[in-house]
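Worksheet: the structure to be examined is printed underneath.
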Amino acid sequence: MKIADIHVHIFPDKLAEKAAHSIGEFYDKTAYTTAGTDCLVKELEEAGISRCVISNSATTPGQVHNINTFLAQTAREHPGFIGFGSLYPGMEGYEEELDRMEELGLRGIKIHPDFQRVPIDASCGIAMYRSIARRGLPVLFHMGDDRYDFSSPKRLTNLLKKAPDLKVIAAHFGGWAIWEQSFHHPQPENVLYDTSSTIPLVSEELVYRMFDRFGPERFLFGSDFPMWKPEDAVKQLLRFDLGEDVMDKILYGNFCKLFGLE
């Protein structure tokens, strides 16, 4: 069984422990490990995961350059890694940074509206997202929070009315902690969903309803390392009776289709 993980976070070694703690503190949950590259490699091997998208999110425009350099270098050093860079909506020089990201070999962008405190559909980011869409790069959005309204399904719909060609991966079944909103607010076909930080937190009935409503070809497996152990995240998905073909799509096939891989 081949497995690819669309949603893992890593940071430079000097920041890996602090970053994992900060992410956990934001969600009032303790990360189970640090967010370092060596730790990730070990966890992926234990889980049988051969490919993954690595990312983290800039919380200020000044962090963007260094984050993208680190992610690109780490992806080059690990053949199974695909790097998603970071941008800050409304930042100056985003076109030049997008040029640099493509030259570095980054294959997409990760945006966390809640960390950045910029709504998905904020006017300051529309031109940036249109440029990303013209380049054909997917954006992995953190989606959802019942404490804030930066990343709701409705806001994503608003953005896509203004940037309709944008390829999107809507994390956490499209709405962490507001999953029913995601279920009742379908997105267009250019929006995929990932399974991260969701399956252990919702009912089995909701998981089946989401797969039935949107179709398994629109779902990608994600672990959300370091918040969850990848091996556990795989086991949590495998307990569902989806059939071998459907499970293969979610765990690996849809990932390969997104990036044009064999």
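Note that the sequence shown covers residues 1 to 262 in this note's numbering.
Glycine included, every Cβ here is placed at the ideal spot set by N, Cα and C.
None of these values were measured; they are calculated from a predicted model.
- If only complete runs of 4 or more residues are kept, the segment 127–176 shows the alpha helix (DSSP H) at 153–162, in order along the chain.
- Spatial neighbours of L40 in its own chain (CB-CB distance under 7 angstroms, excluding positions within 5 residues in sequence) are listed in chain order as V8, I10, F225.
- P138 sits away from M91, with the two beta carbons spaced by 8 angstroms or more.
- Annotation: K249 is outside any beta strand (DSSP E) and is labelled neither H nor E by DSSP.
- By the beta-carbon neighbour count (other beta carbons within 10 angstroms, threshold 16), K29 is exposed.
- About 6 angstroms separates the CB atoms of F240 and V207; that is less than 8 angstroms, so the two are in contact.
- For a cut-off of 8 angstroms, the C-beta gap from F84 to S55 is around 4 angstroms, short enough to register as a contact.
- A contact is defined here as three or more CB-CB pairs under 8 angstroms, and the segment 174–188 fails this definition with respect to the segment 226–234.
- Counting along the chain, the unbroken beta strand (DSSP E) around R51 starts and ends at 51–55.
- Looking at the backbone, the Cα of Y148 and that of Q181 are separated by about 14 angstroms.
- Rounded to the nearest whole angstrom, the C-alpha separation of E205 and K162 is 34 angstroms.
- Secondary-structure assignment with DSSP links V8 through a beta bridge to I54, F225.
- Annotation for F240: no beta strand (DSSP E) segment contains it, and DSSP assigns it neither H nor E.
- In the three-state reduction of the DSSP assignment, Y193 falls in the strand class.
- Counting along the chain, no alpha helix (DSSP H) covers S86; the unbroken beta strand (DSSP E) around it starts and ends at 81–86.
- Inter-residue distance for P216 and N190 is about 14 angstroms (C-alpha atoms, whole angstroms).
- Restricted to the segment 90–120, the beta strand (DSSP E) segments that are unbroken, complete and at least 3 residues in length are 108–111, listed in chain order.
- Assigned with DSSP and collapsed to three states, L201 falls in helix.
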